[in-house]
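In the numbering used here, the protein residues as written are 175 to 286.
To start, the structure itself, in structure tokens.
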Amino acid sequence: MRRIALLFAVFGLGACAAPLMAPRAPAVTLTPDANGLAVAPSGLRIDFDRSPEGVIAVLDRVRGRHAVLSLARCPDDMRQQLRWGDLVLTFSDEGFVGWRQDGRMAGRVCGL
């Protein structure tokens, strides 16, 4: 009898609790341009020379986990080439230095 009362109490109280939901990231669009990435609708920017750690964290949050690409056809000072879907960003030790997407590019990118 106690077990039934305990089960009822646990499941009964569980039904009263609000479901746990992960907060949704705000709708953000990153648009590559001549100086880096425009962030809409905020009007903010991710310009060239930004810290790799900060740029990567924002893109992972907005576009999902990145893929690491080879540096085989990159200039010697390139340290990372990362892809988020069709958008590829390149980084030196100091910062974000270039992007390419759908045949367009700006900044310094690796050879195709």
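The C-beta atom is built at its ideal place from N, Cα and C for all residues, glycine as well.
By the neighbour-count definition (other C-beta atoms within 10 Å, threshold 16), G228 is an exposed residue. The beta carbons of F270 and D234 sit no closer together than 9 Å.
At the C-beta level, M252 and R282 come within 9 Å of one another.
Residue environment for P226: buried (at least 16 other C-beta atoms within 10 angstroms of its C-beta). The residues F265, in chain order, have a CB closer than 6 Å to that of Q254 in the same chain once the five nearest residues on each side in sequence are set aside. The DSSP-derived three-state label of P249 is coil. As DSSP reads the structure, V213 sits in a beta bridge with L204, L218.
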